[in-house]
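Colleague: Here it is, the structure, as structure tokens.
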Amino acid sequence: MSMQVGLLFLQDFEKLKFINFGKCQSLVYMSDISCIPNLEELNLHGCQNLEHVHDSVANHCKLRKLNLEFCFKLQRFPDILNKNESLREVLLGWTSIEELPTSIGNLVSLEDISLFDCNKLVILPSSIYKLQNLKVLQLCGCSQLQEIPKIPEKLRRLKANNCKSLTRILSNICDVGDFDLEELEISNCQQLQEIPKISRKLRRLKANDCKSLTRILSNICDVGDFDLEELEVSNCQQLQEIPKISRKLRRLKANDCKSLTRILSNICDIGDFDLEELEVSNCQQLQEIPKIQRKLRRLKAHNCKSLIRILSNISDVGDFDLEELEVSNCQQLQEIPKISRKLRRLKANDCKSLTRILFNICDVGDFDLEELEVSNCQQLQEIPKIPRKLRRLKANNCTSLTRIPSNICDVGDVELYSSRELVRNGFPVNDLFMPEKFHCQPNHRVVLPGGEMPKWLLPNKEGYISFVASKDLYEKILGVAFCVVFEVLHRSCESTKFEVIGSVNCKSAIHSREFKFFDLDNLWLEYMELKDLWIVEHFGPNDRTHFRISIRVCNYHELLVKKCGFRLICKPLENDLEVLLHDNQLLDPDLFYEVSHEDNPMSTKEKRLNMIDSSIERHRYSSLWSAHGIVSPGREMPKGFIRVEDGIISFKASQDLYNKFVGFFLCVVFDVEDGEKEVFFNIVPRVNGQRRNE
């Protein structure tokens, strides 16, 4: 059944302002609406069988918005007989309109016209360019449209994505200052060869996937006269050059431009440009990014296989804001000579010619680098220094790597698997990964080449440890360090999974671990705090709870566990160790590492120098004995102490907080008068105002 809306139906609605016939599939013809003098909005959206609308629809004196979207059978828009000052918005997307009437110029107040996916539209009438109030023109998906030669001067937004036949655009821009265009989107216009000129006020230009585009921004002479802030020209495979950019440009994306050879060539004074993000990944002809701007925060240049130089203008590293740098698979890149102090993330995986990196790091405390990835850089021989703030280092399969810095244990997440030269040179795993440092960071994880397990870990053949503990005793255990040495059974296997299972009274929490490997045995070393291993809801009868920590390999056909080891890191146990061993008669007492009692052989002189030269951080869980004192010459106070002028500190603490205190460090610097051989001073502790032992 079809339906026509006629005069008899509408004549009783003189005060009506809004009509909604949306998705009325019976509507075939929309008749005269002049009998509704106050109508402001007419919605015919989704009337899929609508074929005609009355001329009054386009000539109504009060109508402000007309929605004809998804009226698939509508082929004609009515003629506008006289000047119409009311209609502001016309939505004609997804219709079968073949052309707009030349009288469209009579819609003198029109601000927004949408023609999305009008696949039969071939040309726009020249009168549309005379609409002085038109601000938004949307032509996306008009696959037969061949040109947009002119635009109205006050147009602010033009969208013409997926216009696959479009060959010309914006040819009427002569004096760029006369146009208000701020946003232009013409992505996936595969026949478009040139965007000859842009307006000075243009802020955003997106022209991705324009595979025939060869020229862009050719009218930029004085870069300070243009407001362009965002430019996207990714996958424009014929584009050879982006010769100049405006000073106000903040974001430039030109990924997959396979013919691009030059970029940023107009940058002379790096402080005059606002560029913050630059992406030129997979630009295989690009050889150089000659200069970067001081304000640049993110640079991505993956798979630029001809790139040989980068960051060459960084002289004073403190003047640059660069935070993220990604240059993975740049196979000709030989060095990243300098990095900025503010750089937080550097990814340079698969750079097969890379030989030098991080050589401008002198004072490791001055750099903010947190993540460094240089895996599969087969010519890289050395990572000279690591900033103190580094939290993740991945240098897997760096087959020439022979030297790593001595402070690598300060990094919480380390992967060095299949770096065979480290193994051949006698990788000092016992020297670099000592328990005093290793457990200071929560969830410390290291993957290393070779099969040598640190000697301070207790070897374990069963693959698990279990024990029974009271609540008080349990609270003295800080965490567990464990190590697994894997042997590869099938060389084709690229990764493996294993599980760390923490059980409390037979209730298990499973923690999956995964890493890649190549052709060597590899070692997984990790420290987990107990709170991350399991959840203890309550302790069992007689204040006793059973705990178990085990290792389980998932793909045992591809991987073999050669050996594993554990160590429980805890506060001083004192007499509690006897209780623990009484409840766990099969438990080896060497499993427990007491962080403030177990000591390595060290002379008094070495300890004194160690205390003077190191910060308090090194001694947080140090090997110093309780009530250990060191007297050393000099006036320098070790780093980490808080200076107190009046010699008094005070604080309030709950019982739970107090139980977590391990000890107290005190440093006093004395001025000694001539002839004095002894100095006396008292340490006076007070609890709730009462003096305790001095």
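Note that the sequence shown covers residues 874 to 1567 in my numbering.
Just so you know, even glycine gets a beta-carbon here, dropped at the ideal spot from N, CA and C.
#1: By DSSP, does Thr-975 sit in helix, in strand, or in coil?
#2: Report yes if the CB atom of Leu-912 is closer than 8 Å to the CB atom of Lys-935, and no otherwise.
#3: What are the start and end residues of the beta strand (DSSP E) that includes Glu-914?
#4: Helix, strand or coil: which one does DSSP assign to Ser-1487?
#5: Which ranges would you report for the beta strand (DSSP E) in the stretch 1040-1085 if only whole runs of at least 3 residues count?
#6: Between Asp-1449 and Lys-1525, which are expected to be in contact by the criterion C-beta below 8 Å, what is the C-beta distance as a whole number of angstroms?
#7: Taking Phe-943 as the reference, which of Pro-910, Cys-897, Leu-973, Ile-909 has the closest Cα?
#8: Within a Cβ cutoff of 6 Å, which residues of the same chain sit near Ile-1183, ignoring the five residues on either side of it in sequence?
#9: Between which two residues does the alpha helix (DSSP H) containing Asp-1394 stretch?
#10: Considering only heavy atoms of the ligand MG, does any lie closer than 7 Å to the CB of Leu-965?
#11: Got a sec? Which residues, its chain only, sit under 6 Å from Lys-1220 by beta carbon, not counting five neighbours each side?
#12: Please classify Ala-1382 as buried or exposed, where buried requires at least 16 neighbouring CB atoms within 10 angstroms.
#13: Can you have a look at Cys-1379 and say buried or exposed, based on whether 16 or more other CB atoms are within 10 angstroms of its CB?
#14: What first and last residue would you give for the alpha helix (DSSP H) that runs through Leu-1346?
#15: How would you write the range of the beta strand (DSSP E) that Ala-931 sits in, first residue to last?
#16: Tell me, to the nearest whole angstrom, how far the beta carbon of Asn-1436 is from that of Val-1358; I am working on the premise that it is less than 8 Å.
#17: In chain order, which continuous runs of the beta strand (DSSP E) of length 3 or greater are located wholly inside the stretch 1115-1154?
#18: Which same chain residues end up closer than 6 Å to Cys-1062 when comparing Cβ atoms and leaving out the 5 residues on each side of it in sequence?
#19: Report the rounded CA-to-CA distance for Val-1361 versus Asn-1270, giving the unit in angstroms.
#20: Rounded to the nearest angstrom, how far is the Cβ of Leu-1398 from that of Leu-1321, given a contact under 8 Å?
#21: Would Phe-1306 be called buried (16 or more neighbouring beta carbons within 10 Å of its own) or exposed?
#22: DSSP three-state label for Pro-1474, please.
#23: Between the Cα of Asp-1147 and the Cα atoms of Leu-917, Glu-1103, Lys-1173, which residue gives the shortest distance?
#24: Would you report the Cα separation of Val-1302 and Gln-1254, rounded to the nearest angstrom?
#25: Rounded to the nearest angstrom, what separates Ile-1230 and Asn-1222 at their Cα positions?
#26: Have a look at Ala-1354, His-1430, Leu-1018, Thr-1134 and flag the residue whose alpha-carbon is nearest the alpha-carbon of Thr-1369.
#27: Specify the secondary structure class of Val-1353 as computed by DSSP and reduced to three states.
Modeller: This is what the structure gives:
#1: helix
#2: yes
#3: 914-916
#4: The pLDDT assigned to Ser-1487 is 40, lower than 50, so where the model puts this residue is not dependable, and the model offers no usable value.
#5: 1056-1058, 1077-1079
#6: Contact doesn't hold; Cβ gap of about 27 Å is too wide.
#7: Cys-897
#8: Ile-1162
#9: No alpha helix (DSSP H) holds Asp-1394; DSSP gives it neither H nor E.
#10: Absence of the ligand MG is noted for the structure shown, with no ligands found whatsoever.
#11: Glu-1199, Ser-1201, Glu-1246
#12: exposed
#13: exposed
#14: 1344-1347
#15: Where Ala-931 is concerned, there is no enclosing beta strand (DSSP E), although the alpha helix (DSSP H) it sits in stretches over 929-932.
#16: Sequence inspection shows Lys at residue 1436; the Asn mentioned does not correspond to that position. Lys-1436 to Val-1358, Cβ: 5 Å. Contact.
#17: 1124-1126, 1150-1152
#18: Cys-1036, Leu-1039, Cys-1083
#19: 15 Å
#20: 7 Å
#21: buried
#22: Bear in mind that a pLDDT of 35 at Pro-1474, under 50, signals an unreliable position, so the model cannot answer this.
#23: Glu-1103
#24: 18 Å
#25: 12 Å
#26: His-1430
#27: strand
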